[in-house]
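Reading through the structure tokens given below for one structure.
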Amino acid sequence: MTTLGHLINGVRVDREGRTQDIYNPSIGEVAGQVSLASKATVEEAVAAAQAAFPAWRDTPPLKRARVMFRFKQLLEENAGEIARLIGEEHGKIVHDAQGELARGIENVEYACGAPELLKGEHSKNTGPGIDSWSEFQPLGVVAGITPFNFPAMVPLWMYPMAIACGNTFVLKPSERDPSSALFIAELAMEAGLPAGVLNVVNGDKEAVDTLLDDPRVQAVSFVGSTPIAEYIYSRASANGKRCQALGGAKNHAIVMPDADMDNVVSSLNGAAFGSSGERCMALSVAVTVGDEAADALIAKMQEQMASLKVGPFHDAGNDFGPVITQAHREKVCGYIDSAEQQGATIVVDGRGVQVAGHENGFYVGGTLIDHVTPEMTCYQEEIFGPVLLVMRVDTMQEAMRLIDDHEYGNGTCIYTRDGEAARYFSDRIQVGMVGINVPLPVPVSYHSFGGWKRSLFGDLSAYGPDGVRFYTKRKTVTQRWPSAGVREGAQFSFPS
Ligand code: NAD
Numbered sequence: 002m003t004t005l006g007h008l009i010n011g012v013r014v015d016r017e018g019r020t021q022d023i024y025n026p027s028i029g030e031v032a033g034q035v036s037l038a039s040k041a042t043v044e045e046a047v048a049a050a051q052a053a054f055p056a057w058r059d060t061p062p063l064k065r066a067r068v069m070f071r072f073k074q075l076l077e078e079n080a081g082e083i084a085r086l087i088g089e090e091h092g093k094i095v096h097d098a099q100g101e102l103a104r105g106i107e108n109v110e111y112a113c114g115a116p117e118l119l120k121g122e123h124s125k126n127t128g129p130g131i132d133s134w135s136e137f138q139p140l141g142v143v144a145g146i147t148p149f150n151f152p153a154m155v156p157l158w159m160y161p162m163a164i165a166c167g168n169t170f171v172l173k174p175s176e177r178d179p180s181s182a183l184f185i186a187e188l189a190m191e192a193g194l195p196a197g198v199l200n201v202v203n204g205d206k207e208a209v210d211t212l213l214d215d216p217r218v219q220a221v222s223f224v225g226s227t228p229i230a231e232y233i234y235s236r237a238s239a240n241g242k243r244c245q246a247l248g249g250a251k252n253h254a255i256v257m258p259d260a261d262m263d264n265v266v267s268s269l270n271g272a273a274f275g276s277s278g279e280r281c282m283a284l285s286v287a288v289t290v291g292d293e294a295a296d297a298l299i300a301k302m303q304e305q306m307a308s309l310k311v312g313p314f315h316d317a318g319n320d321f322g323p324v325i326t327q328a329h330r331e332k333v334c335g336y337i338d339s340a341e342q343q344g345a346t347i348v349v350d351g352r353g354v355q356v357a358g359h360e361n362g363f364y365v366g367g368t369l370i371d372h373v374t375p376e377m378t379c380y381q382e383e384i385f386g387p388v389l390l391v392m393r394v395d396t397m398q399e400a401m402r403l404i405d406d407h408e409y410g411n412g413t414c415i416y417t418r419d420g421e422a423a424r425y426f427s428d429r430i431q432v433g434m435v436g437i438n439v440p441l442p443v444p445v446s447y448h449s450f451g452g453w454k455r456s457l458f459g460d461l462s463a464y465g466p467d468g469v470r471f472y473t474k475r476k477t478v479t480q481r482w483p484s485a486g487v488r489e490g491a492q493f494s495f496p497s
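Following our numbering, the numbering of the sequence shown begins with 2 at its first residue and continues without gaps.
So this is what it looks like as structure tokens:
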């Protein structure tokens, strides 16, 4: 059985020490092992990044962008293998993995524009013979810590832009499905990154804490669950680092009485159950306005869910695959149990699903729960499984209050034909990413991705224009070349 190591200073390295099993969740068996980096191994990666920084910072942005162009091409050429690696360790169906990669490649494309994005601002004659400009300089060594659910895309939210801006990078991918991130980083090296510019350390808390505490690491980008995001943000900030930490979610869709119910049902199906609901933008709560909308939604969902196909990642005929681990499977089923015990109605029950020939896989079938109320555990917490809750309210205001009162504020959506209602909703709702008849409003790479409330700790969102801001610091230079005409004597009042 192979053990996945690290990528440090341009070469794959293996180190003796702790390891962890990697599962193939479609069959429920161990597929390999991953090394868990020690403090010393992480420090070696940080040292490599630190050593590579001066030359990389001074490399012209256009040359850095050319590496990104080649990287994009290599990602496209290797898309099949990357999707297979994602599917094998994560469990998502191959076409879903290809979609994830495509969204990751968008970020490489945006990073190709670094020379334009780093141009800065210039003002001539801010005073007699004085010019001023602001430029955007790289920070130095930057770290990225990423979750299991988008093992290829989330790292690509981070390092292409960080590196194109002139930083060097240490990535710590999820230890549960680390292979695609390592494979992709090797493609980035093949595209022409000098040794040490991009390093990957596999590991767990020990590796993460080392990155948070190392004074050579200037900034940390994190994506994962809210308790860990909060911890990362507090510890990195206390150590004087710039930090953005994206956390969990509970994404509501409001279904208005005038909505096109066929569109609602088909798009909710994909957005709630796609990737087994293991998406931070998955729609996990449908809030129906009026009993008529609720009854119509439940009836049509029940009908469509009867044909949902759950099974192994490599069968393109499946709609979604297993969840990530057996422990997570039990956790998701536990939430369904709690909903039942607390008085909700289980309309479609995915707990007992069996996939022929893959009996040990970590499968949960699509689950629909009606009559959910705000105090129920299944509503309070992020389930991160193929479970859709239905909450019945009487007015749009009531639906919006529910969303605003929830601790998370990642994504939301309204289904309606009423433009005035949609505009009111998108203007007032306390959520960072809003869809109008769009179930998964994941911004394209030239906008930025970020939730509100406890879905994001930090001031700047991920990727897009905020990514450029996050990975650079502004320096403002004021210049005068004294000449006879403008030379002045000493001035003791504040310059104006
Ligand atoms: P997680 O928080 O368990 O792990 C994320 C990363 O943190 C991993 O690299 C892991 O090794 C590390 N980590 C875990 N425990 C740690 C600890 N105690 N100390 C230091 N580091 C630790 O998240 P996950 O289960 O891999 O991913 C799923 C979660 O991520 C969900 O909550 C989902 O909503 C969230 N997510 C959010 C976004 C977003 O953009 N807001 C995107 C994707 C996933």
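Note that the Cβ used here is the ideal one computed from N, Cα and C, for glycine as well. Since the structure is predicted, the reported quantities are computational estimates derived from the model, not experimental observations.
Between V43 and L212, the gap from beta carbon to beta carbon is short of 8 Å. Counting of Cβ neighbours within 10 angstroms places P313 among the buried residues, the total reaching 16 or more. A direct Cα-to-Cα measurement between H96 and C414 gives close to 24 Å. If you compare the alpha carbons of G128, N150, S285 with that of N270, the shortest gap goes to S285. In this structure, V348 lies away from I384, with their beta-carbon atoms at least 8 Å apart. In this structure, DSSP gives M190 a helical state, which the three-state scheme calls helix. Closest in C-alpha terms to R352, from the list V373, H359, G386, comes G386. L441 places its beta carbon 8 Å or farther from that of L183. Under the DSSP assignment, Y416 falls in the beta strand (DSSP E) whose first and last residues are 412-416.
At least 8 Å separates the beta-carbon of S36 from that of E207. A distance of 8 Å or more separates the beta carbons of E82 and M154.
The beta carbon of D460 is closer than 6 Å to none in its chain, skipping five residues each way along the sequence.
For S135, no alpha helix (DSSP H) encloses it; the enclosing beta strand (DSSP E) starts and ends at 131-139. In this structure, the alpha-carbon of M377 lies about 16 Å from that of A400. DSSP, read as helix, strand or coil, puts Q381 in helix. Taken in chain order, the complete alpha helix (DSSP H) segments of 4 residues or longer contained in the region 290-319 are 292-306.
A distance below 6 Å between beta-carbons, with the five flanking residues on each side excluded, links G468 to the following residues of its chain, in chain order: M162. If you look at A260, you'll find it isn't in any beta strand (DSSP E); DSSP assigns it neither H nor E. Rounded to whole angstroms, the Cβ separation of Y416 and I255 is 7 Å, and the two are in contact under 8 Å. For T326, the shortest C-beta to heavy atom distance toward the ligand NAD is 7 Å or greater. Per DSSP, C244 is one residue of the beta strand (DSSP E) stretching across 243-247. Uninterrupted beta strand (DSSP E) stretches at least 3 residues long and entirely within the region 219-245 do not occur. Scanning the region 334-397 for uninterrupted alpha helix (DSSP H) segments of 4 residues or longer gives 378-381, listed from N- to C-terminal end.
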